[in-house]
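A.B. asks: Note that the protein sequences, when read in sequence, are chains S, L, P and Z. For our numbering, count along the first sequence from 1 and bump the result up by 718. For our numbering, count along the second sequence from 1 and bump the result up by 718. For our numbering, count along the third sequence from 1 and bump the result up by 718. For our numbering, count along the fourth sequence from 1 and bump the result up by 718.
There are 4 protein chains.
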Amino acid sequence: MCLALSMRNRDHYFGRNLDYDKGYGQQVVITPRHHPFEFRHAGATDSHTAIIGTAAIVNGHPLYFEGANEDGLCIAGLLFSGSSRYNPPSGKKGDVASHEFIPWVLTQCSDTSEFLSIAEDLNITNEAFSVQLPPSPMHWMVSDKKRDLVVEQVSSGLNIHENPTCVLTNNPPFEYQMMNLNNYMGLSSGDVINSFSKKINLWNYSRGMGALGLPGDLSSQSRFVKAAFTASNSICNDSEEDSVTQFMHILKSAEQQKGCVRIGEGYEITQYSSCINADRGRMYFTTYGNSRISVVDMNKEDLDSDDPISFPMDDRQDFDELNACVKCGHGRRSPSCRP
Amino acid sequence: MCLALSMRNRDHYFGRNLDYDKGYGQQVVITPRHHPFEFRHAGATDSHTAIIGTAAIVNGHPLYFEGANEDGLCIAGLLFSGSSRYNPPSGKKGDVASHEFIPWVLTQCSDTSEFLSIAEDLNITNEAFSVQLPPSPMHWMVSDKKRDLVVEQVSSGLNIHENPTCVLTNNPPFEYQMMNLNNYMGLSSGDVINSFSKKINLWNYSRGMGALGLPGDLSSQSRFVKAAFTASNSICNDSEEDSVTQFMHILKSAEQQKGCVRIGEGYEITQYSSCINADRGRMYFTTYGNSRISVVDMNKEDLDSDDPISFPMDDRQDFDELNACVKCGHGRRSPSCRP
Amino acid sequence: MCLALSMRNRDHYFGRNLDYDKGYGQQVVITPRHHPFEFRHAGATDSHTAIIGTAAIVNGHPLYFEGANEDGLCIAGLLFSGSSRYNPPSGKKGDVASHEFIPWVLTQCSDTSEFLSIAEDLNITNEAFSVQLPPSPMHWMVSDKKRDLVVEQVSSGLNIHENPTCVLTNNPPFEYQMMNLNNYMGLSSGDVINSFSKKINLWNYSRGMGALGLPGDLSSQSRFVKAAFTASNSICNDSEEDSVTQFMHILKSAEQQKGCVRIGEGYEITQYSSCINADRGRMYFTTYGNSRISVVDMNKEDLDSDDPISFPMDDRQDFDELNACVKCGHGRRSPSCRP
Amino acid sequence: MCLALSMRNRDHYFGRNLDYDKGYGQQVVITPRHHPFEFRHAGATDSHTAIIGTAAIVNGHPLYFEGANEDGLCIAGLLFSGSSRYNPPSGKKGDVASHEFIPWVLTQCSDTSEFLSIAEDLNITNEAFSVQLPPSPMHWMVSDKKRDLVVEQVSSGLNIHENPTCVLTNNPPFEYQMMNLNNYMGLSSGDVINSFSKKINLWNYSRGMGALGLPGDLSSQSRFVKAAFTASNSICNDSEEDSVTQFMHILKSAEQQKGCVRIGEGYEITQYSSCINADRGRMYFTTYGNSRISVVDMNKEDLDSDDPISFPMDDRQDFDELNACVKCGHGRRSPSCRP
C-alpha cells in the first residue's frame, strides 16, 4: 500500500511511495507561512513555518500525505487498516484529529525532540474532516536529520518507536515488522559461503545469492523487508543528483506494478514516488505514468503568503525524443543542436 | 545480471535490463542496410535489413547486446557463466562465433521460424572477436510477434526452447528455471483464502498477500520468477505510451539497486533498461542515472546508408524543474509558459 | 527448544517435546493426592487432585515440565528467553513463583474456566526455587477438553490468549506467532492450482506441493508454523492406539535431530516427547534414544498416598529382535512363540 | 513420496522411507543364495549372494523396494513419475526390466565399481512383471561403503550421478535437485550473524535460526533439501544403537504425517522406515503405526536355502506398559521386576 523512506547523505532526504488503486487528486503543495490552520483542539495559527509536500486540496485546505517544513522536520502518513485505533477527544492538550496530524506536527515542531515533547499526551481522535471524509486508519513516520520515529495508536494505546530501518510500510504494527526482520538477519549483499555441508560442493551460480530469501511480493510486510534491505545496503555518494537518483531506486525496489495487486475489478499501483530534500526545501517526484523526475523548489516561491501553491503531478510519460528535433532534423541531444 | 523481456500488446515490445558493475560503452546503435558484416564462417553481406538496438562500437563494428531488425525479429544476449559451452568450428554451415550471433540472426531471418530453419546445424564457436575480447559465456532470447525462444549451448549440446514466460535472466539453464517455476504456481495477484486450517481464523492483513513466497533478492533465478510473475499478471492497455511505461515497470521489478549486489570492491547495477517497439523500429531506454525515457526512431534516419548511427545513453538525471522556468519565472509546465 | 501440543479426539491428549542440549533428570512423576505443596504466597495444601506428568524431583519436590490432573486440566511450561518478565511479589493473592506455577494451577483448578478466575490478579514472581535454581524464563499452555490458553507475562504485563492452533513453541510472543501465521494461510494439504499465469503450463511434479513455503528449520517460529499445519491437517480416528500414534507423529514433525541445532560445543535435541491422555490419566512418552512408546497409568497406582511415584525415562533403544528369540530360535513374533 | 538415505559410521547404513497412500504388502524378505532368479534378458541364476530388504512377494518372487546383499551393496527404488523413460529392449547385454533392476544389481555386483562396469550399456526396458503389474516409473540409489550413485533413465538417456548428499527423494531429476540445493548453501546449524544491516540491531530470538529458509513441506524437492541438511549436519557416535537411532531420526525429519498430503479421498503417509546395516546384514524398521524399531538379522537364518524368508511389518503400536506388569503389579521396568 505505501512505503516511507528516509535517507541521510550530506542532506536529509525523505519521501514515499503512495500505493493505491486510484489517485486522490494529489498535487505538490507548498503551504506558505501565513496560511491559516484551525485545529479542532489546538487552536488556530496563521504564522508558522512553510510546508512542502504532497496533498489534496479540499475546500482550500491542504490535506497532506507527506511533507516537510522549513526546519527539515518531515512526516508521512501511511494506511494502517485494521490496526490503528482512534479515540474520542480526551479534553487534554494532546487531542488532534487524524487528518490534522501532519500540519499539527509540522507547524509546531522543528525536530523530532520537539515532537516528542508535544506528543506526551498525544491522543489521536476519531473526528472526521467532514461527513464526506471520515478518518482513514493511519500510522506515521516522523523524521529529521538525526532519526526516524514511528507513531502508532493501537488498541493498547499510543506507541512511538525509534525506527532504525529508515523505512515504514503498513501492517502489521511496527514491533511485528521488527520482530519479523530478525528472520532475515543472515542475508547480505555478497556471495554465500557454503555452511550447509562440508561434503557437498555447492555453487554461487549467480551474483546476489547472499540475499536469497528476501521477499519480493507486494504485501506490506514483504515490502518492509525488501526496502529495509535495499536501504541498508544502498551505496550512494553525496551529490544532490546521485542522492535523489538512489532514493528513487530504493523506493522503486518496492514499487507496485499494475496488475500484480488485484482489488476487486481494479489494481493497486504506485501512484507516485516522492523525495524531499528536507534541508533545501526541494521536492522531487515521479508518477506511475511518468518516470521523469520533476522537482519543485519551495524557495523559488513567495513563502510569506497565505494561499497554498500547487503543482499538478502530470502522469503523462515525458519522453525525450533523441532524433526528433524540430529544429535540426536530428536528435535533440545531438551536438549540433544542444543549446 | 540481466533480464530480457518480451511483451505483446497491439505491437510487440522487446527489451532488457543490462546488469553489470561497469558499463561497456553501450550506445543506441542503428545499423543501416548496407553496413558490411563479415562473418567468420557464413561469409559477408552488405545488403540486409537494418538493425536498432544497444551496442558497443569496437573498431567501427557494432557489438550488439540486444536488437531488432526491420522485420520485427528481436534478440538479446545474456550472461550464462559456467553453463554455456562453445565449441571449435565444425566446418559445417552453422558455425558462428558467439559475438557474431546477434547480427548473424538479424541479417538472415525475418522471424523465429526462419531462425529455427537456419539453426538446424547451429554451432556456436569459441572464436574470439579479438585477442582483447575473448568470448563471453552467453545464452540468447530470440523473439518475434508470435513467440519467444531461448538458445543455449551447454555441455550436452545446443538447446532451443519455447519460452512461455516472456522473460529470461541468467543461470541456471532454462529447463531449471522452468522446473523451479512450478514451485510458485499457487501464487496470485489476489487475496488468499484460508486453506491452512478450518479452526484458525487467519487474516489478509495486507493487499498483495496472494503472492507471498515470491522471491525478491537479485540472484538470477529469483529475478526470473519475480519478472515472470510481474509480466504474467501485468495489465496494460494498447497505447504506445502505456505499453512502454508498463514494459519499463516490469523491467524495474527486477532492477538491481546500487549496493545490493557486491562484487569485490564494486557493485552490480542495472546499467540501462531498454524497450524496442519491434513493429515500428523505435527504441526506448532509461539508464541507472537517468530515469527519463529517451527514444530513438530508426525510421527518422537514412537506413540505406552504411555507417552505424549511434546515440549516447546519457546517464545524467534529466530533472524537470517545475518552478524554475527561465522564461517566465514560474514552473516550466505552468499554463502561461507551455509551448 | 520446545513444543506443546493439544489434540481432541474421543479423549483429550496433551503433551510436548522437550528440546534441550542436556537432560534435566526428567522422569514420569505421579504426585498423589496428599503430597504436601507449600506455595510461597498461596499457602500450603496436602489434599488435592493427583498429578501425572514429567518432572525433575529436587529435594523430594516434583518440579513439573508438563502435567495433567485427575480432572483433565493440563499445563506445560516452555522456555521463553528474553521475552518473559517476572515481577517482585505484589502482596496480592495472585503472587506465584514461576517454578510453582504448574502445581499452583493443577492443585486449584479443574478446568480452564477455573484457571481464568484465579488468574485475575496473577503475578508471576521472580523468586527462585533455591540459590542453585534461579527462575527460568517461561510461558505456559493451559488446556482442557474444550480449549487451549497461552499464559505469557511480558514487559507490558500478563497476557492470556485463546490458542486456536493447538500448539505452542517458544519465542516470539504469542501475538507475533499468530500474526506470522497469516503469512501461511494459503498453504494446503492438497495439490496446487496454477494461479501464477494463464499462459505458462505449470506442473504438480510431486504430491504435497500445496504446502510449499512451510518452514522446516528448527527455530521456534518455524516449528510453530510446521506443527500448527501438521496438527490442523491431521487425520486420525478415535481409538487410543491411533490417537497416541498420531499425536507422536505430529510432535515428531517438529523434532530436533542431533547436530542440526548447534550450541557452543553441544547440540540441542528433542530429549523426550510426551502424550498424556488427560481423560484417563495415562502418560505416553518416547525419548531421543528410544522410539518405543512407553506408558504409565496413574490409576494403577495408589493415588491416596503422599510420596511422588516416579518412573525413569529410559533412553536406550528397545529393539524388537524379530528373529532372535531365545526361547524358540525364531523371531519373537513368530506364531510359534507368541505368548 | 519416498526418501532413500545412506550413512557411514563405523558401518554403512542404508535405508528409506516408503511414502504412499496404501501399503504394497511389504515385508522384510531375506532371499537366500539359491533362490532362482530368471531375468528377461540376462539369463537365470540360482547361486548368488543373499539379499535382505523390503519386498512384496508376488507368485513366490520377491519384488524388492530396497535391499542389500552380503557384500554390502545396497539399492533402493523410488518413484519418479513423469520423469523416468523406459525403452523397448535393445537386444544388447544391458537390457533389464525395471522390476528386475534391484535383484539384477544385487546378484551381479559386490560394490558400486562393479555396478558401473555392468551399467555401461544398461537399458531399462518397459517390460511389465505381469499384465496386472505394469512398470512403475522409478529411479534408484545404489550405494556401498564408499559412495552413493543415482541411476535415472530419462528422455535424454541414462544418467548415473555421484550423489554427495547421501539422500534421494523423487522428482525433479537429480541434476535439478542439486542445482536447487545451491539455493540453501548459506544455511547452517549455528546462530546467525547480522549481515543484513550495520545500523539495525537484530536478534537470534531462537536457537536454530541459522537454518531459516529450510523447507518443511512434504513435496519431494523440499524433503530432499530438508533430509540433505539433516544428514549433512547429523552428529552421531559409532555404536550400532546410536547409529540406527540417528538414522531413524534423519528419516523421520522428512516423514509424511497422516493428513498432510491429501490424494483424492486418501492420504499419503510414511508406510515404513527402514535401516539396513549393510556390513552386518541386519535390517531395522519402524512402521507408521509402530514406532518401536524391529530388527531382522539375515545371519540368523539359513542363507544356503532357496525360498524367501519373510517377516511381517507389524503396524500395531507395541506400547511398553511401565506400570502394568502382570507379575509384580508394578512397572515392567521397575527394579524389582527386571529380568
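Heads up, the beta-carbon is just placed ideally off N, CA and C, and yes, glycines get one too. Bear in mind that the values here come from a model prediction, so they are computed numbers and not experimental data.
1. What would DSSP say about P780 (chain P), mapped onto helix, strand or coil?
2. Between the region 785-796 of chain L and the region 721-730 of chain L, do three or more beta carbon pairs fall short of 8 angstroms?
3. Contact between the region 1002-1022 of chain P and the region 1032-1039 of chain Z: three or more CB pairs below 8 angstroms?
4. Could you say which of P:N888, P:A768, P:N777 and P:K917 lies nearest to L851 (chain P) if we only look at CA atoms?
5. Can you tell me whether N922 (chain S) is buried or exposed? The criterion is at least 16 other CB atoms within 10 Å of its CB, across all chains shown.
6. Is there contact here, the region 1013-1021 of chain P with the region 741-753 of chain P, by at least three beta-carbon pairs under 8 angstroms?
7. Whose Cβ in chain S lies nearer than 8 angstroms to the Cβ of N1041 (chain L)?
8. By the criterion of Cβ-Cβ separation under 7 angstroms, what are the contact partners of P890 (chain P) in chain S?
9. Terminal residues of the continuous beta strand (DSSP E) containing N735 (chain L)?
10. Relative to the C-alpha of K944 (chain S), which residue among S:R925, S:S924, S:S906 and S:D764 is closest?
11. Would you mind telling me which residues of chain L sit closer than 9 angstroms to F1058 (chain S), beta carbon to beta carbon, in chain order?
12. Roughly how many whole angstroms lie between the Cα atoms of S938 (chain P) and G795 (chain P)?
13. Tell me the residue span of the beta strand (DSSP E) that contains Y990 (chain Z).
14. What first and last residue would you give for the alpha helix (DSSP H) that runs through L834 (chain L)?
15. Pick from Z:W822, Z:K917 and Z:I953: whose alpha carbon is nearest that of P882 (chain S)?
16. Could you check which residue in S:A946, S:D1025, S:P1026 and S:M966 has the C-alpha nearest to that of T1004 (chain S)?
17. With F942 (chain Z) as the anchor, note down where its alpha helix (DSSP H) starts and where it stops.
18. P1057 (chain S): buried (16+ other C-beta within 10 angstroms of its C-beta) or exposed?
19. For F757 (chain L), report the span of its beta strand (DSSP E) as first-last.
20. For chain P, check one thing: does any of its Cβ atoms lie closer than 9 angstroms to the Cβ of I953 (chain L)?
21. Once DSSP output is grouped into helix, strand and coil, what is the label at W822 (chain S)?
22. Using only CA atoms, which one of S:E756, S:M856, S:S724 and S:D813 lies nearest to E838 (chain S)?
23. Would you report the Cα separation of V747 (chain P) and K740 (chain P), rounded to the nearest angstrom?
24. List the residues of chain P that Y985 (chain S) touches, going by C-beta distances under 7 angstroms, in chain order.
25. Indicate whether the contact test is met: 3 or more Cβ pairs, each with one atom in the region 976-985 of chain Z and one in the region 991-1002 of chain P, closer than 8 angstroms.
26. Applying the 10 Å Cβ sphere with the 16-neighbour rule, what's the burial state of D737 (chain S)?
27. Going by the DSSP bridge assignment, what does F914 (chain S) pair with across the sheet?
28. Does any residue of chain L have a CB that is nearer than 9 angstroms to the CB of Y894 (chain Z)?
29. Hey, how far is the Cα of D909 (chain S) from the Cα of R941 (chain S)?
30. Who are the Cβ neighbours of L899 (chain S) in its own chain at under 8 angstroms, not counting the five residues just before and after it?
31. Figure out for me which residue from P:N805, P:R865, P:A815 and P:I820 has the closest Cα to the Cα of T830 (chain P).
32. Just to confirm the assignment: which complete beta strand (DSSP E) runs, minimum length 3, are found wholly within the region 857-889 of chain S?
33. If you drop the 5 nearest sequence neighbours on each side, which residues of the same chain put their C-beta closer than 8 angstroms to that of R1051 (chain Z)?
34. Can you find a C-beta in chain L that's less than 9 angstroms from the C-beta of Y782 (chain Z)?
35. Answer yes or no: do S808 (chain Z) and P855 (chain Z) have a C-beta to C-beta separation smaller than 9 angstroms?
36. Go ahead and label A762 (chain Z) buried or exposed: buried means 16 or more other beta carbons lie within 10 angstroms of its beta carbon, across all protein chains shown.
C.D. replies: According to the structure data:
1. strand
2. Taking 8 angstroms as the limit for Cβ pairs, the verdict is that the region 721-730 of chain L does touch the region 785-796 of chain L.
3. In this structure the region 1002-1022 of chain P touches the region 1032-1039 of chain Z; the number of beta carbon pairs closer than 8 angstroms is three or more.
4. P:N777
5. buried
6. yes
7. Within chain S, the residues V1014, D1015, K1018, E1019 and F1029 have their CB atoms less than 8 angstroms from the CB of N1041 (chain L), given in chain order.
8. M897
9. Run containing N735 (chain L): H730 to Y738, per the beta strand (DSSP E) assignment.
10. Looking at the Cα atoms, S:S906 is the closest of the given residues.
11. Residue numbering for chain S in the displayed model covers 719 to 1057; residue 1058 (chain S) lies beyond these limits and cannot be assessed.
12. 14 angstroms
13. I987 to N995
14. T830 to I836
15. The candidate whose alpha carbon is nearest that of P882 (chain S) is Z:K917.
16. S:M966
17. Segment S938 to N951, the alpha helix (DSSP H) holding F942 (chain Z).
18. Confidence at P1057 (chain S) is low in this model, with a pLDDT of 39, below 50, so its placement is unreliable and no value can be given for it.
19. F755 to F757
20. no
21. helix
22. S:D813
23. 19 angstroms
24. Think of a sphere of 7 angstroms around the beta carbon of Y985 (chain S): no beta carbon from chain P falls inside it, the nearest being about 16 angstroms out.
25. no
26. buried
27. For F914 (chain S), which the question treats as bridged, DSSP gives no partner whatsoever.
28. yes
29. 23 angstroms
30. T883, F942, V943 and A946
31. Comparing Cα positions, the closest option is P:R865.
32. Scanning the region 857-889 of chain S for uninterrupted beta strand (DSSP E) segments of 3 residues or longer gives 866-872 and 875-880, listed from N- to C-terminal end.
33. Per-residue confidence for R1051 (chain Z) stands at a pLDDT of 46, beneath the threshold of 50, marking its modelled position as unreliable; the derived number appears in the next sentence. Excluding positions up to five away in sequence, the list reads D1038 and L1040.
34. Chain L contact via Cβ: absent.
35. no
36. exposed
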